[in-house]
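Reading through the structure tokens given below for one structure.
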Amino acid sequence: MNYNISLIYSSIFNGTEVLVLCLVILNAFKIHPININKQTLICAINYLLMFGSLLFTVSLLSELFMAYYTQNEYAQFSFSNRLAGPFWFDIWLIGVLSFMILPQILWIKRLRKSFTASIIIVGIWLALYFVKQALIAFQAWHTEFKSSYSEYIIRAIIYSVLLLTSYFIVQRKTNRSYISKA
Numbered sequence: 088m089n090y091n092i093s094l095i096y097s098s099i100f101n102g103t104e105v106l107v108l109c110l111v112i113l114n115a116f117k118i119h120p121i122n123i124n125k126q127t128l129i130c131a132i133n134y135l136l137m138f139g140s141l142l143f144t145v146s147l148l149s150e151l152f153m154a155y156y157t158q159n160e161y162a163q164f165s166f167s168n169r170l171a172g173p174f175w176f177d178i179w180l181i182g183v184l185s186f187m188i189l190p191q192i193l194w195i196k197r198l199r200k201s202f203t204a205s206i207i208i209v210g211i212w213l214a215l216y217f218v219k220q221a222l223i224a225f226q227a228w229h230t231e232f233k234s235s236y237s238e239y240i241i242r243a244i245i246y247s248v249l250l251l252t253s254y255f256i257v258q259r260k261t262n263r264s265y266i267s268k269a
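The sequence shown lines up with residues 88 to 269 when you count with our numbering.
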């Protein structure tokens with residue numbers, strides 16, 4: 088079960104990084120998509136960020152409780168080593184700060200509708216990602232190989248379905264508010 092949750096929130100975070108960068112490029116070249124309401128898309132992206140942050144928090148807390156209550160020494164050592172081991176800053180800085188705490192600013196409605204908030208969050212993610220990759224490359228003992236592109240395709244499909252669902256829900260909600268005001 089934890090792998091499925093991990094797949095969903097990593098799909099949300101990775102897809103958001105790509106989509107926000109694409110929107111920045113579209114804004115830089117002043118390209119306006121015809122049938123897409125940009126404000127609704129930004130709001131849908133930010134709702135997905137909050138949902139992904141919630142899933143990440145639930146996943147980390149469930150892993151904490153499972154490691155503690157199983158009374159398995161390996162599980163307890165593994166989790167405590169991740170929290171306080173040699174790469175403690177990785178989980179605290181990248182995990183807790185950028186994936187759990189930072190997206191919580193999107194609960195403020197003004198920031199949730201702001202594209203700048205999304206750019207700041209994704210910019211911090213990318214900066215921390217490059218720091219992490221530099222540390223991994225510097226310490227050559229850690230290699231991470233993907234066996235195929237099927238995992239990337241699955242993540243793209245999951246993010247597309249979640250984004251479209253979120254977009255249409257937000258669009259329907261805004262259309263209802265316009266109808267009720269008229």
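Every residue, glycine too, gets a C-beta built ideally from N, C-alpha and C.
Excluding residues up to 5 positions away in sequence, Ile-178 lie with their Cβ nearer than 6 Å to the Cβ of Arg-169 in the same chain. Annotated three-state conformation of Gly-172 is coil, per DSSP. When DSSP states are grouped into helix, strand and coil, Ile-121 belongs to the coil group.
In the three-state reduction of the DSSP assignment, Ser-205 falls in the helix class.
Shown here, Thr-157 sits in coil according to DSSP, grouped into three states, outside any helix or strand.
Each residue's CA atom was taken as its position, placing Met-137 and Ala-214 some 20 Å apart.
Bounds of the alpha helix (DSSP H) holding Leu-198 are 196 to 199. Only residues of its own chain outside the window of five on either side were considered, and among them Asn-133, Ile-192, Leu-193, Leu-198 have a CB closer than 8 Å to the CB of Ala-204, listed in chain order. About 23 Å separates the Cβ atoms of Thr-157 and Met-187, ruling out a contact at the 8 Å cut-off. Distances from the alpha-carbon of Ser-98 to those of Thr-261, Leu-110, Leu-135, Ser-185 put Leu-135 closest. In the structure shown, Tyr-254 falls within a helical segment according to DSSP collapsed to helix, strand and coil.
In this structure Ile-206 is in contact with Val-107, their Cβ atoms being roughly 6 Å apart against a cut-off of 8 Å.
Within its own chain, the residues whose Cβ lies closer than 8 Å to the Cβ of Pro-190, once the five positions on either side in sequence are excluded, are Leu-136, Met-137, Gly-139, Ser-140, Ile-208, listed in chain order.
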